[in-house]
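A short write-up of the structure that comes next.
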Amino acid sequence: MNKSMRLLKTSRKYHKWLMAFIGLQFIIWSVTGAYMVFFDIDYIHGDTLVNNEQDKIDPQQVTYSLQSLLQHYPQAKAITLGRYLDKVVYRFTLAEQKLAIDASSGAVMPPLDKAQAVKAARFYYSGTGTVESAELITENAPFELNPAVMPAWRVNFADFGAPAIYVSAETGLLVGKRHSFWRLFDWMFRFHVMDYDDGADIDNSLLFWFTLFGMLASILGMVLAYFRVFRKTDEALTAPAGNDSHTVGVAP
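In terms of the working numbering, the sequence shown opens at residue -9 and continues consecutively.
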């Protein structure tokens, strides 16, 4: 057996077994990649679920000055001024606690109850669906919610894609928006990077080895393609011509 035939036989053998091992993952990569490319990323992020209006603050509503706030809360960090429904509020962090203070009176806003959370979610939500349910989440955050923003209210709307709006129970701030297409996208991403926990480890060893085996299978596939296409063409061009002569009988 010459070297070319030995290379062909070896390539065919290992290509077959490699593809039998990683072929399913190739299909998963194709399906999940197509899903993630097909949908607009802004839609997946849920940007269309919420109103994108900028906070318009009336200076006359801000009668409790920033200086007064710092005098009462000298350890305040990450201070912002924004709106909460029809009020202007200061939001800041104090010793790991998030607070909201009325910018007109300086009064600390109490944690949101269910009715206030629903009202806030309706304010943020851009759709027309009705509220299905509201749930206060204080522990064991679902995979779609950052645990750092708890406690938070999840308000579910009866609308296309089962949208949910997350509102901070401490500050009334919008802290998340999700729908079914985002949830499916999250699972697609996990299967794509082969991290079946939370999708955060995109350089895991499982992905590395499957990628390495995939590259090797692709190289062997190119070797097989070369023998199937180019070598056959070369053999056809260099094959000896057949005997096309004809014997012509001569009449006596």
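Every residue gets a Cβ at the ideal spot worked out from N, C-alpha and C, and that includes glycine. On a predicted model such as this, the values are computed, not experimentally measured, just so you know.
Nearest candidate by alpha-carbon position, reference residue i, set the options
{"i": "Glu129", "options": "Ala142, Lys(-1), Val40 and Thr118", "result": "Ala142"}
{"i": "Gln51", "options": "Leu39, Gln65, Gly72 and Asp37", "result": "Gly72"}
{"i": "Val183", "options": "Phe113, Ile18, Lys46 and Leu174", "result": "Ile18"}
{"i": "Thr118", "options": "Ala152, Leu126, Ser95 and Ala90", "result": "Ala152"}
{"i": "Leu14", "options": "Met212, His62 and Gly204", "result": "Gly204"}
{"i": "Thr83", "options": "Ser(-6), Ser94, Pro64 and Lys77", "result": "Pro64"}
{"i": "Arg180", "options": "Tyr25, Leu210 and Ile155", "result": "Tyr25"}
{"i": "Glu43", "options": "Leu135, Tyr115 and Gly162", "result": "Tyr115"}
{"i": "Asp48", "options": "Ala93, Ser20 and Phe28", "result": "Ala93"}
{"i": "Ser58", "options": "Lys77, Leu202, Ser95 and Pro100", "result": "Ser95"}
{"i": "Ala107", "options": "Arg(-4), Asn146 and Trp199", "result": "Asn146"}
{"i": "Ser55", "options": "Asp45, Lys46 and Thr70", "result": "Thr70"}
{"i": "Glu86", "options": "Arg173, Ile31 and Glu160", "result": "Glu160"}
{"i": "Phe29", "options": "Asp187, Met178, Pro100 and Arg81", "result": "Met178"}
{"i": "Ile31", "options": "Leu174, Leu135 and Asp187", "result": "Leu174"}
{"i": "Phe150", "options": "Lys77, His169 and Leu202", "result": "His169"}
{"i": "Asp45", "options": "Val27, Lys77 and His62", "result": "Lys77"}
Nearest-angstrom Cβ-Cβ length linking residue i and residue j, presumed shorter than 8 Å
{"i": "Ala105", "j": "Glu122", "result": "Contact flag wrong, Cβ pair sits at about 15 Å."}
{"i": "Phe133", "j": "Asp176", "result": "7 Å"}
{"i": "Ile127", "j": "Arg144", "result": "6 Å"}
{"i": "Ser211", "j": "His35", "result": "Inspection of the sequence shows that residue 211 is occupied by Gly rather than by Ser. Not really, about 37 Å apart at Cβ, beyond 8 Å."}
{"i": "Arg2", "j": "Leu214", "result": "6 Å"}
{"i": "Leu75", "j": "Lys167", "result": "Actually they do not touch by this definition, with Cβ atoms about 17 Å apart."}
Cut-off 7 Å between Cβ atoms - residues of its own chain near residue i, not counting five sequence neighbours on either side
{"i": "Leu(-2)", "result": "Phe217"}
{"i": "Val98", "result": "Leu89 and Ile91"}
{"i": "Ala241", "result": "Annotation note: pLDDT 45 at Ala241 (below 50); position unreliable, no value reported."}
{"i": "Thr53", "result": "Ser94"}
{"i": "Arg196", "result": "Checking the displayed sequence, the identity of residue 196 turns out to be Leu instead of Arg. Met184."}
Contact set for residue i: own chain, Cβ-Cβ below 6 Å, skip 5 residues either direction
{"i": "Met9", "result": "Ala207"}
{"i": "Pro137", "result": "Ala131"}
{"i": "Thr0", "result": "none"}
{"i": "Gly239", "result": "Residue confidence is low: Gly239 scores 48 on pLDDT, short of 50, so the model does not pin down where it sits. Its coordinate-derived value is still stated next. Around Gly239: no qualifying Cβ."}
{"i": "Arg81", "result": "Thr70, Ala90 and Thr161"}
Cβ neighbours of residue i in the same chain (closer than 8 Å, five flanking residues each side left out)
{"i": "Tyr33", "result": "Phe171"}
{"i": "Ala124", "result": "Lys104, Ala107, Val108, Ala111, Trp143, Arg144, Val145 and Asn146"}
Pair within 8 Å by beta-carbon distance, residue i and residue j
{"i": "Val79", "j": "Ala110", "result": "no"}
{"i": "Gly162", "j": "Leu102", "result": "yes"}
{"i": "Ala68", "j": "Leu60", "result": "no"}
{"i": "Ile12", "j": "Phe200", "result": "yes"}
Residue-chain proximity (residue i, chain B), Cβ-Cβ < 8 Å
{"i": "Trp7", "result": "The question asks about chain B, but that chain is absent: this structure has only one protein chain."}
**Request:** Taking only runs that begin and end inside the region 87 to 149, name each unbroken beta strand (DSSP E) of 3 or more residues, in chain order.
**Result:** Runs of the beta strand (DSSP E) inside the region 87 to 149: 87 to 92, 120 to 127 and 142 to 148.
**Request:** Go through the region 16 to 50 residue by residue and report every complete run of the alpha helix (DSSP H) that reaches 4 residues or more, in order.
**Result:** Qualifying alpha helix (DSSP H) stretches, in chain order: 31 to 34.
**Request:** At 3 residues or longer, and completely inside the region 153 to 209: list those beta strand (DSSP E) runs for me, N to C.
**Result:** 154 to 158 and 164 to 168
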